[in-house]
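Asks: Protein chains in written order, with the numbering used here: chain A, 407 to 875; chain B, 407 to 875.
One structure, pasted below without further comment.
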C-alpha cells in the first residue's frame, strides 16, 4: 500500500546532519529504534518507514535552524504532531529527520473580543479547548482524536463532526507561521478576519501536509460556547430518509451543528460496547447549537422534517450528562467496532461526494462490501457528503487483503465518478497518491510546479501528496 | 498613483498577435480607442492604461486558444469582467490583449439539493440571483455593484455586506475552471463540499486577480432564501457602542446577516439623497435571517444588547418593501455622498482590522481626516472589522491631492499596525502594491515564486499584485 514510497534512502549526508544536530540540540536528538518506529507508526495498514533521527525543537527559530542544517546536508525533514494521521503522513520513505513539535505546546494568545487564538503547532485540540472553557469559548473542529495537534490538523486540512456548521480547518485557520524549505520564516496572514492582499498563502499551506513548509504557530477562529446545546438521536427505516432530512434542514438554514449518520452495523456494535439499546437502523446523531429559543425552534423544525421522511423516533437530550453519553458512544464507534471483531485490523476510508449523491454512494458501497464478503460499517458526516467505511481485515488472510485493495480503489473511483473526492478530510499522505491524477488532471502539474518552486530540493516531507513521475 | 506601472510596453509582437486573433475571431477583436479606453476605465484616480486590443471569447477553449496565441508572441493578457474593480486591476501598463468575458454569461448548472451552481465567469451576480429567485435560492456575496461578474468577484476575493454571516468569495467558491499561462485548462476542484486531496488550488486562484490563470467557469455555494428576513436601523451616541453591540452579538452566535456601520456624515448625505429622516449619528444597518421564530429571537436579543450599549432607538422592518427602501438607501451611499459634493471625485479606500481594534482604527482615521482637512465619510462592515472611507477630492487642487496621498498611506499603515490588512475586499491591483512588502514580509517572496512557477513569462495581468524588484 505504501505505493510510490520505495526503499531508496536520501542521497544526502544523514550522519553529518545528525552529528551537527546533536552538537546543537544534545539530548533533544534521538536515534533509538523504538523512538524512530514510534514516529512512523501509522494507524492503518501502511507499513512504517522510520526516520533516521527525531529532534524536538522548542521555537520557530529552532525549527528554522534544523531545516537549514538538514538542507545543507540534503536530508529530508518530516514534521510530526501527535501521529494520529491515517495515510502514512509521518513516514520517512527516504529517511531523514522527524521534527517532533510536541514541545511547542504553548497557547500564545487568546483574543476574546476577536474570537481568535494563536497557538504553537504542538498544542492539542483538547488542551486548547480545556484552556478556552473558562472563557466561555471553544474551538469547534473535531476530527475525533483528542490529542491531535492544531498544527497537524492544519497540515491535513482536518475536519470532522462539526464541519457542517463551523467549517473545516480551511475555514478556521486565520494564518500560520511556517518555516519554508530555505529556512525563511513566513507569517501567512495577519489577524484581520478577511483580506484581499495577494495570494492566499494561508489556504495554500493548510492541507499541504508538511510538503511546502513546517507550521510552528497557527492562529485559529474561536466561537462562543452556545447558550443551548441539544443532542438528538433519530433512527430511520432507510438511508435515504436520513440523508434527505439533513438536506432539507440545511436548505432551511437550520444550522445543524452536527449530523452524523451511523449504519445499522455500527449501531449494533455501539449497543454492545456502550450498553445502549438503540434501534439497529440507519440513525442520525444530531446536535443543535443556539440560544434557548433558537435551539428549541431548530429541534421542532427538524423533528417535523424527520417525521415527514419516515423517522421512527426522535429522542433528544439537552442535559450535558445525557449529551456526553450519546457523543461518547459516537466517538467510541471505532473501538466498538474493533472490539466486535477481535483479531482484525480496522482500516479507515474517507470519501466525500455532493450531498445529492451521498445516499446512492453509500448504498453502492454497502452492496460492494457485501459482494466482496468484507465486514465494514458506515459512518457519515452527512451535512458535508463525507463518509467513512471501516473494513475489519484479517491481515493473515491474503485473499481478504486483496479483496480490500480492490474495494478501496472502487470506492475512490465511485466517489470521483459522482463529482466527489478521494479524501474528504484524511488527506493524501502516501495512501491516496495513486488517485490524485484521476481527481485533479492538469491540476497535479500546477501542484508539482508550486512544490518545485517552494521546495526545489524536495526535502520537505518527500513522498507525500504528489505522484512520482 | 499607478505606482509600479510604467510606460514600458510589451516586448512581444502585439501587431502579429492581433493579426492572428483577427484571422481567428474576426469582429470579436476590436482595437478602436473608445473600446480600449472603456476596458481600462477605473473607478478611482488611478490613470487608465488601455490595452492594444480587446477580444470576446465565448468558451473555455477559445480562452485557451487566445492565451496560446498571445503567449507565442509574448503579449500580455488582461482578463476583464464588468470593470467595477477599484484598484486598477484591468489596466494594461505593458499593453496587450484585454480578454472580455462578458459573452461567457451562461448559467451552466444549478444543483438545488447540493446548494451549488456552476456559471461561466461573465455571469453577473444580479443575473445569477434573478435566475435563482424562483428556485427559492440565493447567492449571498454582495460587493455593492450589481453588474459585478462572478469571475471578477472570485478574482478579487470580493465580499461586502453579508460576509459576517455567509463569508467572502474565499468561502463561497467551490472551484474554478482556469486557463493557465501555457493554455492548460485546470479545474481546481470537484463539487464535494470539502476535500483534503492536495494543495488548495481553488483558494490559491481566488484573489489572484488574473495573474495566475484566467477563470472561465466558477462553481459557487448557494443558500436557501431564509423564511424570515428582518432589517433594523439602530443609531448610537458613540461609535464604540455600535461596534461593541456587534461584537457581543457575534459572541452569542446570533448570526447577523448584515451589520453595516454608517457614520453621521454618511447618514446626513443619505437623508438628503433618499429623503429619509434618520438621526445623524453613528448608525447600524442590520439584517437578520432565520426561521420566523429564530429571526424574532435574534432581533429581541440584539435589541437588548444594543440598549445596554446605549442605542438611541431600534427600528425594525420585516416587510420587504420597507427593507428594500432601507437597503436601497444604504447601497446608494456612494451616490448620496457624491451628489452632496458636486465637482469632487470619490476615492474608495478599504482596510480591515481585528474587530477589537475597529472603533479605535475608525476614530484615529476620522481624526486624521479632520486634521488634513479632507471631506470623508466612513462605512464599515463591522462584523468583519472592514471599513471604507471615501475622501471627496477636488482633483484640480494639488494640495488636496497631496494631502490625500499622505492620508491613504497612513490609513494602510494604521491598519497594519493594528494587525490588519491594507485591503479587506478590494484587492491589490496597482493601487495597493506599495503596501504588500510591509504587510507580508517574506511572504511576498513566496508569492513571487508561485507567480514565476505558474507564469514564467509574466504575461498574465502583469503589473498587478506583486511589487517589481
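Where is the CB? At the ideal position from N, CA and C, for every residue including glycine.
All of these numbers come straight from a predicted model, not from anything done at the bench.
Are the stretch 489–508 of chain B and the stretch 435–453 of chain B in contact at 8 angstroms, needing three or more beta carbon pairs?
Replies: Segments in contact, yes.
Asks: For chain A, find out if any of its Cβ atoms is closer than 8 angstroms to the Cβ of residue 846 of chain B; answer yes or no.
Replies: Here residue 846 of chain B refers to the residue found at position 440 of the second chain. Taking Cβ atoms only, chain A reaches closer than 8 angstroms to residue 846 of chain B, which makes this a yes.
Asks: Of the residues that make up the stretch 612–642 of chain B, which ones have a beta carbon closer than 8 angstroms to any beta carbon in chain A?
Replies: So the close ones are 612, 613, 614, 618, 629, 630, 632 and 633.
Asks: When you compare each of B:700, B:452, B:473 and B:653 to residue 861 of chain B by their alpha carbons, which one comes out closest?
Replies: Translated into positions along the second chain, residue 861 of chain B becomes position 455. The shortest C-alpha separation from residue 861 of chain B is found at B:473.
Asks: From which residue to which residue does the beta strand (DSSP E) around residue 506 of chain A run?
Replies: On the first chain, position 100 is the one that residue 506 of chain A refers to. 503–506 is the span of the beta strand (DSSP E), which, as asked, contains residue 506 of chain A.
Asks: Where do the N-terminal and C-terminal ends of the alpha helix (DSSP H) with residue 846 of chain A fall, by residue?
Replies: Reading the first chain from its first residue, position 440 is the one you call residue 846 of chain A. Its alpha helix (DSSP H) spans residues 842–846.
Asks: At a Cβ threshold of 8 angstroms, is residue 836 of chain A touching chain B?
Replies: By one-based count along the first chain, residue 836 of chain A stands at place 430. With 8 angstroms as the cut-off, residue 836 of chain A does not count as an interface residue toward chain B.
Asks: For the pair the stretch 768–784 of chain A and the stretch 721–730 of chain A, tell me if three or more CB-CB distances fall below 8 angstroms.
Replies: No: fewer than three Cβ pairs fall under 8 angstroms.
Asks: State whether the stretch 444–458 of chain B contacts the stretch 578–596 of chain B, with contact taken as three or more CB pairs (one from each stretch) at a distance under 8 angstroms.
Replies: No, the stretch 444–458 of chain B does not touch the stretch 578–596 of chain B.
Asks: State the DSSP-derived secondary structure class of residue 697 of chain A, mapped to helix, strand or coil.
Replies: Position 291 of the first chain holds residue 697 of chain A. Here residue 697 of chain A sits in coil by DSSP.
Asks: Please list, in chain order, all residues of the same chain as residue 838 of chain A whose beta carbon is under 7 angstroms from its beta carbon, the five residues on each side excluded.
Replies: Against the first chain, residue 838 of chain A aligns to sequence position 432. Counting only Cβ-Cβ distances below 7 angstroms, and skipping sequence neighbours, we find 493, 828 and 829.
Asks: With three or more C-beta pairs closer than 8 angstroms as the rule, is the stretch 516–525 of chain B touching the stretch 477–495 of chain B?
Replies: Because the criterion of three Cβ pairs below 8 angstroms is not met, the stretch 477–495 of chain B and the stretch 516–525 of chain B do not touch.
Asks: Which of the three DSSP states, helix, strand or coil, is assigned to residue 630 of chain A?
Replies: Taking the first chain and counting its residues from 1, one reaches residue 630 of chain A at position 224. The answer is strand: DSSP assigns residue 630 of chain A an E or B state.
Asks: In the DSSP output, which residue or residues are listed as bridge partners for residue 664 of chain A?
Replies: Reading the first chain from its first residue, position 258 is the one you call residue 664 of chain A. A:693, per the DSSP bridge assignment.
Asks: Residues in the same chain with beta-carbon distance under 7 angstroms from residue 513 of chain B, minus the five sequence neighbours each way, listed in chain order, please.
Replies: Indexing the second chain from 1 puts residue 513 of chain B at position 107. Excluding residues within five positions, the ones whose Cβ falls inside 7 angstroms are 523, 525, 529, 534 and 537.
Asks: Residue 436 of chain B to residue 807 of chain B, Cα distance in whole Å?
Replies: Here the question's residue 436 of chain B lines up with position 30 in the second chain. Here the question's residue 807 of chain B lines up with position 401 in the second chain. C-alpha separation (whole angstroms): 35 angstroms.
Asks: With distances taken Cα to Cα, identify the nearest neighbour of residue 723 of chain B among B:629, B:640 and B:557.
Replies: If you number the second chain from 1, residue 723 of chain B lands on position 317. Closest option to residue 723 of chain B, Cα to Cα, is B:640.
Asks: Check distances from the C-beta atoms of the stretch 746–772 of chain A to those of chain D and list, in chain order, the residues that come in under 9 angstroms.
Replies: Checking the listed chains, one finds no chain D in this structure; the protein chains it contains are A and B.
Asks: So residue 700 of chain A and residue 703 of chain B are in contact, right, with Cβ under 8 angstroms, and what is the actual spacing, rounded?
Replies: The residue labelled residue 700 of chain A in the question sits at position 294 within the first chain. The residue labelled residue 703 of chain B in the question sits at position 297 within the second chain. Rounded, the Cβ-Cβ distance is 5 angstroms, consistent with contact.
Asks: So which of B:685, B:791, B:659 and B:612 has the shortest CA-CA distance to residue 834 of chain B?
Replies: As a working note, residue 834 of chain B is residue 428 in the second chain. Selected option, being the one with the closest Cα: B:612.
Asks: Write down every uninterrupted run of the alpha helix (DSSP H) in the stretch 428–490 of chain A whose length is 4 residues or greater and which is fully enclosed by it, in chain order.
Replies: As far as the stretch 428–490 of chain A is concerned, its whole alpha helix (DSSP H) runs of at least 4 residues are 439–444 and 466–478.
Asks: Rounding to the nearest angstrom, what Cα-Cα distance links residue 644 of chain A and residue 546 of chain A in this structure?
Replies: Walking along the first chain from the start, residue 644 of chain A turns up at place 238. Walking along the first chain from the start, residue 546 of chain A turns up at place 140. Looking at the two C-alpha atoms, the distance is approximately 30 angstroms.
Asks: Which same chain residues, not among the five before or five after residue 775 of chain B, have their C-beta less than 6 angstroms away from its C-beta?
Replies: In the second chain, the residue the question calls residue 775 of chain B occupies position 369. For residue 775 of chain B, where only same-chain residues beyond five positions count, the Cβ hits under 6 angstroms are 782.
Asks: How many Å lie between residue 623 of chain B and residue 761 of chain A at the Cα?
Replies: Within the second chain, residue 623 of chain B is the residue found at index 217, counting from 1. Within the first chain, residue 761 of chain A is the residue found at index 355, counting from 1. Between residue 623 of chain B and residue 761 of chain A, the C-alpha separation is close to 21 angstroms.
Asks: My understanding is that residue 619 of chain B touches residue 866 of chain B, with C-beta atoms under 8 angstroms, so please give their C-beta distance in whole angstroms.
Replies: One-based indexing of the second chain puts residue 619 of chain B at position 213. One-based indexing of the second chain puts residue 866 of chain B at position 460. The pair is a contact, with the Cβ atoms about 7 angstroms apart (cut-off 8 angstroms).
Asks: Hey, would you say the C-beta of residue 500 of chain B is under 7 angstroms away from at least one heavy atom of the ligand ADP?
Replies: The ligand content of the structure shown is nil, which means the ligand ADP is not present either.
Asks: Along the chain, where does the beta strand (DSSP E) that runs through residue 785 of chain A open and close?
Replies: Along the first chain, one-based indexing puts residue 785 of chain A at 379. Element bounds for residue 785 of chain A: 784–787.
Asks: Check distances from the C-beta atoms of the stretch 786–808 of chain A to those of chain B and list, in chain order, the residues that come in under 7 angstroms.
Replies: Of all residues in the stretch 786–808 of chain A, 790, 791 and 792 have a Cβ within less than 7 angstroms of some Cβ in chain B.
Asks: Which runs of the alpha helix (DSSP H) spanning at least 4 residues fall entirely within the stretch 745–790 of chain A, listed in chain order?
Replies: Runs found: 764–777.
Asks: What does a CB cutoff of less than 6 angstroms around residue 684 of chain A pick up in its chain, not counting 5 residues either side in sequence?
Replies: As a first step, residue 684 of chain A must be located in the first chain, where it is residue number 278. Closer than 6 angstroms at the Cβ level, and outside the excluded window around residue 684 of chain A, lie 673 and 677.
Asks: Name the two residues that bound the continuous alpha helix (DSSP H) containing residue 608 of chain B.
Replies: Stepping through the second chain from its first residue, residue 608 of chain B is reached at position 202. Residue 608 of chain B -> alpha helix (DSSP H) spans 607–611.
Asks: Following the continuous alpha helix (DSSP H) through residue 793 of chain B, name the residue where it begins and the one where it ends.
Replies: Mapped onto the second chain, residue 793 of chain B falls at position 387. Element bounds for residue 793 of chain B: not the alpha helix (DSSP H) but the beta strand (DSSP E), 792–795.
Asks: Whose CA, out of B:557, B:708 and B:786, lies closest to the CA of residue 740 of chain B?
Replies: Looking up residue 740 of chain B in the second chain gives position 334. When only C-alpha atoms are compared, the closest one is B:786.
Asks: Short check: CB of residue 448 of chain A to CB of residue 602 of chain B, under 8 angstroms?
Replies: Working through the first chain from its first residue, we reach residue 448 of chain A at position 42. Working through the second chain from its first residue, we reach residue 602 of chain B at position 196. Not in contact: residue 448 of chain A and residue 602 of chain B (Cβ atoms no closer than 8 angstroms).
Asks: Which residue from A:873, A:810 and A:851 puts its Cα closest to that of residue 841 of chain A?
Replies: Start at 1 with the first residue of the first chain, and residue 841 of chain A comes out as number 435. Considering only alpha carbons, the answer is A:873.
Asks: Is the CB-CB distance between residue 690 of chain B and residue 667 of chain B below 8 angstroms?
Replies: Residue 690 of chain B sits at position 284 when you count from the first residue of the second chain. Residue 667 of chain B sits at position 261 when you count from the first residue of the second chain. Taking 8 angstroms as the Cβ cut-off, residue 690 of chain B and residue 667 of chain B qualify as a contacting pair.
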